[in-house]
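Be aware that the sequence shown starts at 1264, since it is given in my numbering, and climbs by one per residue.
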Amino acid sequence: MKEERNLPAGIPDIVLAQFNEFLAERLGLYFPEKRRHELKRGISAAAFAFGFEDMESCIRWLMSSHLSNCQIDILASHLTVGETYFFRDKNIFEALEKHIIPELINSRKTSDKRQQIRIWSAGCSTGEEPYSIAILLDKMGCHLRDWHVTILGTDINSNFLRKALEGIYSEWSFRDTPSWVKERYFKHSKDNRFEVLPHIKKMVRFSQLNLAEETYPSVINNTNAMNVIFCRNVLIYLSPEQKEKVIQRLFRSLQPGGWLITSPAEAVPALYSQFTKLNYNGTILFKKNDMQTYLINNSETTPLITGNFLPSNSSFEYLPEHTGVFQTDLSEKTAVQSIDDGVLDDAQTSNGDSRNDIKMAHLARICANQGKLNEALECCEKAICADKLNPGLYYLLATILQEKGLVEEAIVSLKRALYLDQNFVLAHFALGNITMRQGNHLESEKHYRNALTLLSRYAQGDILPESEGITAGRLSEIIANIIGNWK
């Protein structure tokens, strides 16, 4: 229960309206007139946490500068509801187990695509949802033997993510959960708390992400080429404009044939015109059309399929915030169509830049964002052939190799990038992330501290090379948080 304070409530309406717009722009949070009392209550609690005696002074202070991670955490914790529980909404997990995952398995049997499942819990709060997904996939283990499974949990609130990483929960997190979940997948402690078993923890990666920012889809922060995205009880907090932008970005983050799962209150069909809508026992789910069909016939609305599904024919880590690369101009759509047809030369011709290395690097990013990793690798290697001394291309190659599970090859590529440019900040950062996941904290800390040293030479607002938007100040905060979590 959050502490509520009886602080002075006399905030001028114009100040409250300005702060509401500020929150919508910076955090994506929006409070319509009927929820303004929630905004006032949240500001009251946040003001006390920030050390202010009145809310208006706190508001003006927050609006006067760039929000830090600490400020974002405090605001998010008081302005959003972080409560959830394991296997919330049985219908959705039944659909995942009985229809979505089997369909994906069957589709891979008839193609040469890598046997992998990529699931993203966007707005994962304290981790109950992504761990529920991991438990379900572990339960289906006999069907997923030899498959590479990626489960990503992201949230704007790093305090929630720290709890998720810890993986320890009270009885309240199991309030409507089948008994077998606790019995088989949790260790019961003396204080009547329950810890997620290690092999389930290892299935989930957590990172901080603000859905209101244009930082996804991206190979860099692993938000691309998803098969399933859970985004439940998140969109209800967004302004209509932000809601539309987030849905568009989530659409782009899905592979063709991928699924978007929202809460019943958010499943308003008019918001998801680019998806096919399916009804499973009263629960509306959204499926991304095949890309070729979407490019040829991008209609305003798609049919609602009622009844059950029709048979188908077909470590807490702060990651850099990276602008998605899949744009929708005509030349790029043509390029994507050529990639889908397997004609890379045509794709190269249709993508208008005259320099071959730029063309192929751009196409590599497009392919990677769609999960076409073999094509992405081929394009990137062609780009390197055209410009062998460009460290950014080796960095791009490393991100694609990581996606393919070729970690050692990715390390080699990052070291080549550093050989060409020893001041390449993101290469140090990427090596720090990889060695941290390998458990080599000494090597990881060396790379992180090298990155911090290089970042100190930049102004806080400088955009870093190859980052497509991340500033020196933001990356410094991310690295400082990582190192701080070790201590």
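Quick reminder that beta carbons are idealized off the backbone N, C-alpha and C, glycines included.
Exercise for review: Using three-state DSSP, classify P1532 as helix, strand or coil.
Suggested key: helix
Review point. Nearest to D1352 by CA position, among G1634, I1547, N1637, C1643, is which residue?
Key: I1547
Point to revise | Sequence-distant residues of its chain with Cβ nearer than 7 Å to A1287 (five each side left out) | key: Y1293, S1502, Q1505
Practice item. Name the one or two DSSP bridge partners that T1525 has. Key: Answer is none; T1525 lacks a bridge partner.
Practice item. Mind checking which residues open and close the alpha helix (DSSP H) that includes A1661? Key: 1654 to 1666
Exercise for review: Please state whether DSSP places G1404 in a helix, a strand or coil.
Suggested key: helix
**Study point:** CB contact flag (T1486, A1427, <9 Å)
**Key:** no
Exercise for review: Go ahead and label N1686 buried or exposed: buried means 16 or more other beta carbons lie within 10 angstroms of its beta carbon, across all protein chains shown.
Suggested key: exposed
Check your understanding: Since A1627 contacts I1663 with CB under 8 Å, what's their CB separation in whole angstroms?
Key -> 7 Å
Review point. If you count every other CB in all the chains shown that lies within 10 Å of the CB of K1711, and 16 or more means buried, which is it?
Key: Before going on, a small fix: residue 1711 reads as Tyr here, not Lys. Counting Cβ neighbours within 10 Å, Y1711 comes out buried, since at least 16 surround it.
Check your understanding: Can you give the Cα-Cα distance for N1473 and Q1537, rounded to whole angstroms?
Key -> 23 Å
Point to revise | Length of the line joining the Cα atoms of K1450 and G1747 | key: 27 Å
Check your understanding: Can the beta-carbon of W1383 be found less than 9 Å from the beta-carbon of I1492?
Key -> yes
Check your understanding: Which residues in the same chain have their Cβ closer than 8 Å to the Cβ of F1437, if we skip the five residues on either side of it in sequence?
Key -> Closer than 8 Å at the Cβ level, and outside the excluded window around F1437, lie Y1348, F1349, V1444, K1445, F1457.
Review point. Once you ignore the five residues that flank L1683 on each side, which residues in its own chain have a CB closer than 8 Å to its CB?
Key: L1652, N1653, P1654, Y1657
Check your understanding: With contact counted as at least three CB pairs below 8 Å, one residue from each stretch, are the segment 1310 to 1320 and the segment 1391 to 1403 in contact?
Key -> no
Exercise for review: Along the beta strand (DSSP E) that carries F1457, what are the first and last residues, could you check?
Suggested key: 1457 to 1459
Point to revise | Contact check, I1322 vs L1279, beta carbons under 9 Å | key: yes
Review point. Hey, how far is the Cα of D1620 from the Cα of K1645?
Key: 7 Å
Exercise for review: Using DSSP bridges, identify the partner residues of S1388.
Suggested key: None; S1388 has no bridge partner.
Check your understanding: For the alpha helix (DSSP H) that G1695 lies in, which residues bound it at each end?
Key -> 1688 to 1700
Point to revise | Rounded C-alpha distance that separates L1677 from S1452 | key: 43 Å
Check your understanding: At what residues does the beta strand (DSSP E) containing R1468 begin and finish?
Key -> 1467 to 1471
Check your understanding: Can you tell which of L1669, L1660, G1668 has the C-alpha that lies nearest to the C-alpha of E1729?
Key -> L1660
Exercise for review: Please report the Cβ distance between P1480 and R1515, rounded to the nearest whole angstrom; I am assuming they are in contact, meaning their Cβ atoms lie under 8 Å.
Suggested key: 5 Å
Check your understanding: Any heavy atom of the ligand PLP within a distance shorter than 8 Å of the CB on L1640?
Key -> Ligands are entirely absent from the displayed structure, and the ligand PLP is therefore not among its contents.
Check your understanding: Does the Cβ-Cβ distance between Q1379 and V1412 come in under 9 Å?
Key -> Cβ atoms of Q1379 and V1412: closer than 9 Å.
Check your understanding: If you compare alpha carbons, which of S1526, F1469, S1433, E1316 is closest to S1421?
Key -> F1469
Review point. If you draw a straight line from the C-alpha of A1358 to the C-alpha of P1275, how long is it?
Key: 48 Å
Check your understanding: So, helix, strand or coil for Y1293, using DSSP?
Key -> coil
**Study point:** DSSP-derived helix/strand/coil call for H1341
**Key:** helix
Practice item. For D1454, write down the residues that DSSP places opposite it in a beta bridge. Key: Answer by DSSP bridge pairing: none, since D1454 is not bridged.
Point to revise | Whole-number beta carbon distance between L1290 and A1475, since they are thought to touch under 8 Å | key: 6 Å
**Study point:** W1383 in three-state terms, based on DSSP
**Key:** strand
Practice item. Taking L1636 and E1666 to be in contact with their CB atoms under 8 Å, please state how far apart those CB atoms are, rounded to whole angstroms. Key: Your pair L1636 and E1666 checks out as a contact, with CB atoms roughly 5 Å apart and the cut at 8 Å.
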